[in-house]
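First up is the structure itself, then whatever we jot down about it.
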Amino acid sequence: MLQEKITLNPDKWINNYADYLFNYAVVRVNDGDLAKDLVQETFYAGLKSAKNFLGKSTERTWLVSILKRKVIDHYRKINSKKGQAEVRMNFYDTGENEGSWIEERVPQSWDNASEKTIENQELKMQLEICIDNLPEKYAMVFRMKTIQEFQTEEICKELDITASNLWVIIHRARTQLRKCMEDNWFNN
Amino acid sequence: MFKKLRITCNEATTICDKSQYQEASFIEKIKLNLHFLTCQICRLYTKQNNKMSRLFKSNSIDCKRKTICLSEADKRALKKQLEEYKV
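Chain order of the listed sequences is S and F. Start counting at 1 in the first sequence, then tack on 122, and there's your number in the working numbering. Start counting at 1 in the second sequence, then tack on 1253, and there's your number in the working numbering.
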C-alpha cells in the first residue's frame, strides 16, 4: 500500500505548531520575545520554501528543522558579536603561573552557606541575575546543559560545537557564576 | 608516571565541572584527586561546586515545571502577520 504523501497546510500551522515551536525555541534561547521572532521567521521561511517540501517527514518535523537553523544562526550571531562582555578570567593565561588561580579570583570560604537554604526564592533570583550577567553565549550553553539538562552530544550537534569547546564554555560559565554568587550572596 | 597525571588548577576545575554532570572519565577523576593532595583551593572549589549544582538542580526542576505557551493575542498577531506575508 502506498503511504499517503504528506502535504502542507499553512493555515493550520499556528494552531497546531506555534506552541510547540515556541517552547522549543524558548528552552534554547531563554527569551520569550526572541523565541517569538524565531517562530515567526520559521513560518515565513516555511511558506517561502513550501514548494521544496518533499512530504517525507511530518509537517512538524519539517518546521522544527527550519527552526533549528534559526537557533543555530542566532547562536553564531551572539558568538561572533564584537565587544560583547567577555567572561572574566579566573586563571593565568600565560607565563609560569599558567593555569593557576589568579589571586583575587581564588574561591573564598562561604561564611553563611548553611543558613541560606536552597529553597529560598531570593537565592534563586540572585542566581538568575548571575546567569543573566554571563555573556549571552555562555548563558545559552550553560542553561541548555544545566537547567534544561540536554545531553552534551545534543548541544554539540545543535550548536555545531565540539565537546571540548562545550566544556570550556561550561567551565568559564561556572567559575564566573561561582564568583558572582560568592560576591553577591554567600559572602555578602 | 606522576608527571603525566599532574594538572593545573584550570584543568582541575574543568574536570570538576565535568564531573558535576557525571561526565568526567576515570583517568580525569584520578588526576583531579591527585591534584587535591596538593591544592586546597581546588578542593574548596569542588565543595562549593557541589553546592552550586544542587542549587542549579532545584532551579532546573522549577523551570521544567512551567510550560510556556504563546498567548492568544500573540497567536492572533502571528496569524495576521502570516496572512499579510502570504499576499
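Virtual Cβ for every residue (Gly too), placed ideally from N, Cα, C. Just so it is clear, the structure is predicted and the values come from calculations on it, not from any experiment.
Is S/Phe264 helix, strand or coil by DSSP?
helix
Is the stretch 169 to 189 of chain S touching the stretch 256 to 265 of chain S in the sense that three or more CB pairs, one from each, lie closer than 8 Å?
no
Along the stretch 167 to 183 of chain S, where does the CB come closer than 8 Å to a CB of chain F? Name the residues.
Leu169
Nearest chain F C-beta to S/Asn145 closer than 8 Å, yes or no?
yes
Using a Cβ-Cβ cut-off of less than 7 Å, give me the residues of the stretch 270 to 298 of chain S that come near chain F, in sequence order.
Glu271, Thr274, Trp289, Ile292, His293, Arg296, Thr297
So, are the CB atoms of S/Tyr197 and S/Leu130 less than 8 Å apart?
no
Members of the stretch 1269 to 1291 of chain F that neighbour chain S once the beta carbon cut-off is set at 9 Å
Cys1269, Asp1270, Lys1271, Gln1273, Tyr1274, Glu1276
Kindly identify the DSSP beta-bridge partner or partners of S/Phe213.
S/Trp223
Report the neighbours of S/Gly217 on chain F: residues whose CB is nearer than 9 Å to its CB, in chain order.
Near S/Gly217 there are no residues of chain F at all, since even the closest Cβ is about 12 Å away, more than 9 Å.
Taking only beta-carbon positions, decide if F/Lys1332 is within less than 8 Å of chain S.
yes
Locate the alpha helix (DSSP H) running through F/Gln1339, then write down its first and last residues.
Sequence inspection shows Lys at residue 1339 of chain F; the Gln mentioned does not correspond to that position. 1325 to 1339 is the span of the alpha helix (DSSP H), which, as asked, contains F/Lys1339.
Please check if any C-beta of chain F sits within less than 8 Å of the C-beta of S/Ala261.
no
Go through its chain and collect everything with a Cβ distance to F/Leu1258's Cβ below 7 Å, but skip five positions before and after it.
Ile1283, Lys1284, Leu1287
Cβ shell of S/Tyr311 (< 7 Å), same chain only, five flanking positions each side left out
Residue coverage of chain S in this structure runs from 123 to 310, which leaves residue 311 of chain S outside it and unanswerable.
8 Å is my cut-off, CB to CB: does S/Thr268 come that close to chain F?
yes
For the stretch 153 to 168 of chain S, which residues have a beta carbon sitting closer than 8 Å to at least one beta carbon of chain F?
Gly154, Lys158, Val161, Gln162, Phe165, Tyr166
So for F/Leu1290, helix, strand or coil by DSSP?
helix
Under three-state DSSP, which class holds S/Gly205?
In this predicted model, S/Gly205 has a pLDDT of only 47, less than 50, meaning its place in the structure is not dependable; the value taken from the coordinates is given anyway. Three-state DSSP puts S/Gly205 in coil, outside helix and strand.
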